[in-house]
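J.: Just passing along the structure, written as structure tokens.
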Amino acid sequence: MKTILITLVYILIFSCASEKPKGKTEAEVLFKEAKALMKDERYLLATEKINNLKNQYPYSYYATPAELMQADILFLQENYVDSAAAYLLFRDLHPKHERIGYVVYKIAESYYKQIPETNDRDLEPAIEAIKYYDELITKYPKSKHVKSGTKKIKECRSRLQEKERYVADFYFKTEVYSAARWRYLDMLKNFTDIKLRSHSMQRIVLSTYYLKEYEKCIKYADVYSQNLRKSDKKVVTEYTKYCKNKI
86 MKTILITLVY ILIFSCASEK PKGKTEAEVL FKEAKALMKD ERYLLATEKI
136 NNLKNQYPYS YYATPAELMQ ADILFLQENY VDSAAAYLLF RDLHPKHERI
186 GYVVYKIAES YYKQIPETND RDLEPAIEAI KYYDELITKY PKSKHVKSGT
236 KKIKECRSRL QEKERYVADF YFKTEVYSAA RWRYLDMLKN FTDIKLRSHS
286 MQRIVLSTYY LKEYEKCIKY ADVYSQNLRK SDKKVVTEYT KYCKNKI
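Residue numbers for the sequence shown follow the working numbering, so the first one is 86 and each next one is one higher.
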């Protein structure tokens, strides 16, 4: 008797699990099936249901949320290049959708997830991520994702600063002083970090010295002297003396 009861319970469980979702229309049923499959991480089957919905019922109420679900599935599959494209397309097609703030956040997130771990690679995704996090904060300030977006903007900007320093330092170490100086001067225009700016000023002076532009080197040293950190100021003072001896 006990065995029979256990068997009946299992039959009941599996029949409930495989029961088709109810809906007023076939489009609603397909949407609910896709949503359930996505929740179970069965992304390929979920995508198949979404495609069926979009192909068979393109003007259904559920066609639009199905598009967003498809973008979410791509993101969950860690296919961030395609998810960014899908979210962007959704934003362009449905600019007044009630979840557009979420969509802009997910565009930013898709680019953020593409940022490489090391600074010797292309950091263009960081620039794009900042762009859409900024859009989120500016246009949808009440979004619950604003706090996360603000934090990640700082992370992205820090990575971009590190990248610029990496490139400038590379030119300096390989004795391509003209390119190095240009990079350091550009960093002074674009970044506010005190440590980075002081490092850039010091390297501008040194690059100019190695380029044998001694009078210009002294001028740079005079301009930057009040804004240098102690360790950088010591080096600049020393090289200023060398310049004066060369003139």
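Each residue gets a CB set at the ideal place from its N, CA and C atoms; glycine is no exception.
Just to confirm the assignment, what range does the alpha helix (DSSP H) spanning histidine 284 have?
T.: Segment 279-295, the alpha helix (DSSP H) holding histidine 284.
J.: According to DSSP, is glutamine 162 helix, strand or coil?
T.: Of the three classes helix, strand and coil, the one that applies to glutamine 162 here is coil, per DSSP.
J.: Kindly indicate which three-state DSSP category asparagine 204 falls into: helix, strand or coil?
T.: The answer is coil: DSSP assigns asparagine 204 none of H, G, I, E or B.
J.: Do the stretch 218-232 and the stretch 242-251 touch if we need at least three Cβ pairs shorter than 8 Å?
T.: The stretch 218-232 vs the stretch 242-251: no contact.
J.: Which residues in the same chain as tyrosine 172 place their Cβ atom closer than 6 Å to its Cβ, once the five residues preceding and following it in sequence are excluded?
T.: Cβ within range, chain order: Ala156, Val188, Lys191 and Ile192.
J.: How should aspartate 207 be labelled, buried or exposed, when 16 other C-beta atoms within 10 angstroms of its C-beta is the threshold for buried?
T.: Its Cβ having fewer than 16 others within 10 Å, aspartate 207 is exposed.
J.: Considering only C-alpha positions, which residue in the set Thr223, Ala265, Arg242 and Glu126 is nearest to alanine 214?
T.: Taking only the C-alpha atoms, the option nearest alanine 214 is Arg242.
J.: Return the first residue and the last residue of the alpha helix (DSSP H) that lysine 274 is part of.
T.: 262-275 is the extent of the alpha helix (DSSP H) around lysine 274.
J.: Give the straight-line distance between the Cα atoms of leucine 296 and glutamine 287, rounded to the nearest whole angstrom.
T.: Each residue's Cα considered, the two are about 14 Å apart.
J.: Am I right that tyrosine 327 and valine 290 are in contact with their C-beta atoms under 8 Å? What's the rounded C-beta distance?
T.: At roughly 10 Å, the Cβ-Cβ gap does not stay under 8 Å, so tyrosine 327 and valine 290 are not in contact.
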